[in-house]
């Protein structure tokens, strides 16, 4: 029998079932676009998860659904429905009993009427006093029993979902005995667990004996505690949501309906659960209002739902330090928001894991941040945007593919040798081939025909890019172009001019050296001050570390110097308008750079007259140049000037 044959082709049955539900690179590019537009890196990464890939299925959508459900739960009904129901049943009981007594003429009937007329106004105390009353009306006796049985059904049914059927037979002494035994065994199990004893076998035995009461089928003691603690906390929250009078009445009614033994076991159970899960029992009361009167089980269920939604909202907010998507309880999401919401959380988790696995992001103490790999992609995007508008003109046009270590074209050529990386001289190569083989077509090339362009060895450059981080940069819409420019220049130098050394210096009230990552994550300096003096000092320090390189200093700013370092203690001093001391300190740093032989070019953003006068004076003093580019042209100006400035000087 011939072997099976299989043919594979492109999937044509709809979306690729093996494809991930998101495009990781597209997600990184979306973050990069927000950063290059002037947005915060942290906020951009946070928004990626909050809004979700392609703007849907994010944490914000899930939080909005949770808040809507919480509002609906708060409007579900009145929490005192158990008391209202008990009062209504008590009124029915008394009316039926009075009807029966009215038809009797004996003294016992008159005495019974007097007892009924003098019952306390409190429902709980009235029910308690009627516990030993000898009923004349069978209807009244049954209605009175419904007060106790109904509340007992509600209380135990709310705590133990699997007891709903058993509770209905709780009037049977055997059923009450089984309930008491289960709760006694449960308290014993929880007590052993609280003492850190091994409860594996005890839990298995408990579930064998009482498992029908727990349809959730918990896998271990901790899961059992989680289920019961949430319900116990909801019951306590219900009591805190009632007025003092309502709370006392409901507590009395519950004690009477459960009986001494069950009430004692339930109280012990609540104490055990409160000790094992204390955080669940600290929630405040809630003002739940609505047209319906909610029974005990319904009211506790509504408050338990609100508490779970509150916990879920806290997880979805991701506001606490070190928060991750792993903190989100997927099971709680599924219970409260539905299976599709849980799937959204899983997709977001997978996206975050893929971003980390593929090396696009890393996590530090403050949360997610871009990795060097992502920063290279971001810098490449910035550089492509800059060179998309870079055209021939006074600033020059440069082909990145021919730029780099090869240096400047000298005008000569020579024969190609093995290992040469210089560009081919096409004209001279073809000329040699024609001279060798004649002018026929096609021209056939031989190895000896090739000539390459001779170039000068280009010296390396030490570049200090000083960028203004003051608040005015973002308030005037200059933050994004500044970041794009710096990242583009860093990427250009790293990929095409690796022999050059770049130092980015950010300055506000004070200056500090920045890496690409720090620049991408940088936020505006909200303190007042433009300390160009400190920035130029750090730039000079960078140039001194590279004494053999061509020194280049580029300054991007939108304000004249308003701060300098105090020569005595090194603290930054701010004053507006600028003090003569600030101008003098800044000019001294300019002179030091000029003596070092640095080219100092300034890119002025804005049209402040004071800034223009200062920048013009500095440019003339340092024999540098002043540029006043439009914001959309800033990157083009800076990158072009760098390429022009680093050319070998003609001495």
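Residue numbers (our numbering): 2 to 652.
We put the CB at the ideal spot given by N, CA and C, even for glycine.
Just so it is clear, the structure is predicted and the values come from calculations on it, not from any experiment.
Below 8 Å on the Cβ atoms is my contact criterion, and I expect residue i with residue j to pass it. Report the Cβ-Cβ distance as a whole number of Å.
| i | j | result |
| --- | --- | --- |
| residue 532 | residue 565 | 6 Å |
| residue 1 | residue 239 | The displayed coordinates of the chain run from 2 to 652. Any statement about residue 1 would go beyond what the structure contains. |
| residue 189 | residue 83 | With 8 Å as the limit, residue 189 and residue 83 do not qualify as a contact, their Cβ atoms being about 30 Å apart. |
| residue 444 | residue 434 | 5 Å |
| residue 333 | residue 349 | In fact, because the Cβ distance is near 15 Å, the residues do not count as touching under 8 Å. |
| residue 515 | residue 503 | About 11 Å separates the two Cβ atoms, so there is no contact after all. |
| residue 495 | residue 466 | Actually they do not touch by this definition, with Cβ atoms about 13 Å apart. |
| residue 120 | residue 130 | 6 Å |
| residue 294 | residue 86 | 7 Å |
Please state the DSSP three-state secondary structure of residue i.
| i | result |
| --- | --- |
| residue 7 | coil |
| residue 615 | helix |
| residue 279 | helix |
| residue 138 | coil |
| residue 386 | helix |
| residue 625 | coil |
| residue 242 | helix |
| residue 631 | coil |
| residue 170 | Unreliable positioning characterises residue 170 in this predicted model, as indicated by a pLDDT of 44, which lies under 50. The coordinate reading is nonetheless provided below. Coil, per DSSP. |
| residue 233 | helix |
| residue 224 | helix |
| residue 513 | strand |
| residue 394 | At residue 394, the pLDDT of 41 sits below 50, so the modelled position is not reliable and the matter cannot be decided from this model. |
| residue 117 | helix |
| residue 406 | Note that residue 406 has pLDDT 36, beneath the 50 cutoff, so the model's placement of it is unreliable and no number is given. |
| residue 377 | helix |
| residue 200 | coil |
| residue 218 | coil |
| residue 502 | strand |
| residue 426 | coil |
Using alpha carbons as the reference points, say which of the options lies closest to residue i.
| i | options | result |
| --- | --- | --- |
| residue 35 | 262, 210, 371 and 299 | 371 |
| residue 529 | 144, 58, 362 and 472 | 472 |
| residue 636 | 623, 369, 159 and 556 | 556 |
| residue 307 | 292, 255 and 235 | 235 |
| residue 365 | 522, 484, 227 and 264 | 522 |
| residue 537 | 548, 357, 506 and 551 | 506 |
| residue 626 | 611, 633, 643 and 634 | 643 |
| residue 368 | 134, 614, 514 and 43 | 43 |
| residue 363 | 289, 46 and 585 | 46 |
| residue 254 | 105, 149 and 451 | 149 |
| residue 151 | 296, 629 and 65 | 296 |
| residue 232 | 300, 204 and 266 | 300 |
| residue 318 | 373, 114, 136 and 59 | 59 |
| residue 461 | 428, 499 and 469 | 499 |
| residue 474 | 431, 526 and 339 | 526 |
| residue 147 | 194, 92 and 104 | 92 |
| residue 228 | 277, 178 and 595 | 277 |
| residue 358 | 345, 346, 374 and 344 | 374 |
| residue 612 | 431, 180, 579 and 246 | 579 |
Please work out which residues of its chain come closer than 6 Å, Cβ to Cβ, to residue i, disregarding the five sequence neighbours upstream and downstream, and give them in chain order.
| i | result |
| --- | --- |
| residue 492 | 380, 381 and 384 |
| residue 404 | Residue confidence is low: residue 404 scores 32 on pLDDT, short of 50, so the model does not pin down where it sits. Its coordinate-derived value is still stated next. So the list reads 497, once near-sequence residues are dropped. |
| residue 225 | 219 |
| residue 110 | 102 |
| residue 258 | 149, 152 and 153 |
| residue 139 | none |
| residue 161 | 214 |
| residue 616 | 603, 605 and 627 |
| residue 74 | 303, 306 and 307 |
Going along the chain, which residues of its own chain have a beta-carbon closer than 8 Å to the beta-carbon of residue i, five neighbours each way excluded?
| i | result |
| --- | --- |
| residue 577 | 529 and 563 |
| residue 719 | What is shown of the chain runs 2 to 652, which leaves residue 719 out entirely. |
| residue 632 | 478, 479, 482 and 606 |
| residue 302 | 159 and 235 |
| residue 572 | 566 |
| residue 24 | 54 |
| residue 107 | none |
| residue 594 | 537, 540, 541, 544, 552, 554, 601 and 623 |
Heavy atom of the ligand NAD less than 7 Å from the Cβ of residue i, yes or no?
| i | result |
| --- | --- |
| residue 106 | This structure lacks the ligand NAD, and indeed carries no ligand of any kind. |
So, for residue i: in the same chain, excluding its five sequence neighbours on each side, which residues have a beta-carbon less than 7 Å away from its beta-carbon?
| i | result |
| --- | --- |
| residue 402 | Any reading at residue 402 is ruled out, since the residue's pLDDT is 31, under 50, leaving its predicted position unreliable. |
| residue 393 | With a pLDDT of only 37 at residue 393, under the threshold of 50, the placement of this residue in the model should not be trusted; the figure read from the coordinates follows. Excluding sequence neighbours, residue 393 sits near nothing in its chain. |
| residue 265 | none |
| residue 395 | In this prediction, residue 395 scores a pLDDT of 42, lower than 50, which makes its location untrustworthy; the coordinate-derived value is nonetheless stated afterwards. The answer is none, since no qualifying residue turns up. |
(request) Go through the region 523–597 residue by residue and report every complete run of the alpha helix (DSSP H) that reaches 4 residues or more, in order. (result) 533–545 and 581–596
(request) With a floor of 3 residues, list each beta strand (DSSP E) that falls wholly inside the region 458–500, ordered by position along the chain. (result) 462–469
(message) Runs of 4 residues minimum, wholly inside the region 255–340: which ones carry the alpha helix (DSSP H) assignment?
(response) 297–318 and 331–338
(message) What ranges does the alpha helix (DSSP H) occupy inside the region 56–132, keeping only unbroken runs of at least 4 residues that lie completely in it?
(response) 60–75, 82–103, 108–118 and 124–130
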